[in-house]
Ligand code: FPP
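Numbering (the numbering used here), first residue to last: 26 to 263.
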């Protein structure tokens with residue numbers, strides 16, 4: 026079976042899962058965090074090199090204040106509780122998105138775990154926080170412009186590879202597979218540039234129920250795809 030190097034997931038359906046079970050939305054997010062734990066450990070076991078999870082978008086600030094602060098609390102707790110599992114399994118912790126807008130105590134925990142895991146090499150575990158692909162691209166354009174003005178690069182040197190190196194994902198491998206749970210068929214501003222040649226997998230399963238068996242189904246589907254990157258089948262098979 027071909028295992029994708031980099032899997033990215035839009036973890037959708039926590040709210041609906043909670044509603045179905047007669048619980049508050051935050052309960053659904055907490056069960057979603059349990060799924061994160063299971064999928065991360067399994068990814069490491071299967072030899073996946075990078076896992077990126079869409080945990081909080083630039084638009085999620087518009088949710089009720091109670092849900093936003095609840096999510097921030099859950100993230101902080103996750104970072105605290107999972108620290109030793111990540112380090113013991115040689116997993117490097119990263120984020121994409123503009124984390125400067127997050128609560129101060131969460132930023133401190135994030136940076137502390139990033140530092141502590143910076144030597145880990147077996148897998149990158151990356152959480153998208155205050156992330157939006159359009160925002161990421163605009164921030165990259167600003168950095169490119171500023172480097173031109175500072176004389177570090179010239180506009181003639183800009184190509185896809187160089188631009189890629191200005192994105193939040195610069196240190197991660199290409200995104201092979203994007204999964205979205207809960208029966209929604211949208212990208213919702215997730216990895217718009219990086220997803221140009223990614224394979225997609227959509228499932229009706231709500232994120233808290235997306236456990237080992239479901240993840241294996243997604244990987245099995247991926248391994249049957251022929252990735253042509255614009256070429257013909259004959260060229261690929263040669
Ligand atoms: C989308 O489902 C989910 C989110 C906006 C948050 C995802 C967060 C977690 C799983 C919690 C912890 C994360 C980590 C990385 C530890 P939704 O609530 O919009 O679902 P709905 O469409 O059914 O309402």
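Beta carbons: idealized from backbone N, C-alpha and C, even for Gly. What you are looking at is a predicted structure, and each value in this text was computed from that prediction instead of being measured.
Check this for me: beta carbons of residue i and residue j, under 8 Å apart or not?
{"i": "residue 153", "j": "residue 124", "result": "no"}
{"i": "residue 233", "j": "residue 65", "result": "no"}
{"i": "residue 222", "j": "residue 246", "result": "no"}
{"i": "residue 159", "j": "residue 214", "result": "yes"}
{"i": "residue 280", "j": "residue 83", "result": "Examination of residue 280 is not possible in this model, given that the chain is present from 26 through 263 alone."}
{"i": "residue 201", "j": "residue 32", "result": "yes"}
{"i": "residue 155", "j": "residue 126", "result": "yes"}
{"i": "residue 63", "j": "residue 205", "result": "no"}
{"i": "residue 27", "j": "residue 171", "result": "no"}
{"i": "residue 257", "j": "residue 239", "result": "no"}
{"i": "residue 193", "j": "residue 161", "result": "yes"}
{"i": "residue 90", "j": "residue 51", "result": "no"}
{"i": "residue 128", "j": "residue 97", "result": "yes"}
{"i": "residue 217", "j": "residue 203", "result": "no"}
{"i": "residue 69", "j": "residue 147", "result": "yes"}
{"i": "residue 141", "j": "residue 103", "result": "no"}
For residue i, is the beta carbon positioned less than 7 Å from some heavy atom of the ligand FPP?
{"i": "residue 58", "result": "yes"}
{"i": "residue 47", "result": "no"}
{"i": "residue 152", "result": "yes"}
{"i": "residue 32", "result": "no"}
{"i": "residue 158", "result": "no"}
{"i": "residue 98", "result": "no"}
{"i": "residue 148", "result": "no"}
{"i": "residue 52", "result": "no"}
{"i": "residue 78", "result": "yes"}
{"i": "residue 26", "result": "no"}
{"i": "residue 253", "result": "no"}
{"i": "residue 39", "result": "yes"}
{"i": "residue 155", "result": "no"}
{"i": "residue 114", "result": "no"}
{"i": "residue 93", "result": "no"}
{"i": "residue 166", "result": "no"}
{"i": "residue 207", "result": "yes"}
{"i": "residue 81", "result": "yes"}
Rounded to the nearest angstrom, how far is the Cβ of residue i from that of residue j, given a contact under 8 Å?
{"i": "residue 41", "j": "residue 231", "result": "6 Å"}
{"i": "residue 197", "j": "residue 151", "result": "6 Å"}
{"i": "residue 169", "j": "residue 191", "result": "6 Å"}
{"i": "residue 99", "j": "residue 43", "result": "Going by Cβ atoms, the distance from residue 99 to residue 43 rounds to 13 Å, so no, they are not a contact pair."}
{"i": "residue 30", "j": "residue 80", "result": "That belief does not hold up - the Cβ atoms of residue 30 and residue 80 are roughly 21 Å apart, past 8 Å."}
{"i": "residue 38", "j": "residue 207", "result": "3 Å"}
{"i": "residue 108", "j": "residue 149", "result": "Contact flag wrong, Cβ pair sits at about 16 Å."}
{"i": "residue 101", "j": "residue 130", "result": "7 Å"}
{"i": "residue 250", "j": "residue 224", "result": "5 Å"}
Tell me, please, whether the CB atom of residue i is closer than 8 Å to any CB atom in chain D?
{"i": "residue 109", "result": "No chain D is present in this structure, which holds just one protein chain."}
(message) Count Cβ pairs between the stretch 108 to 115 and the stretch 177 to 195 that sit closer than 8 Å; are there 3 or more?
(response) no
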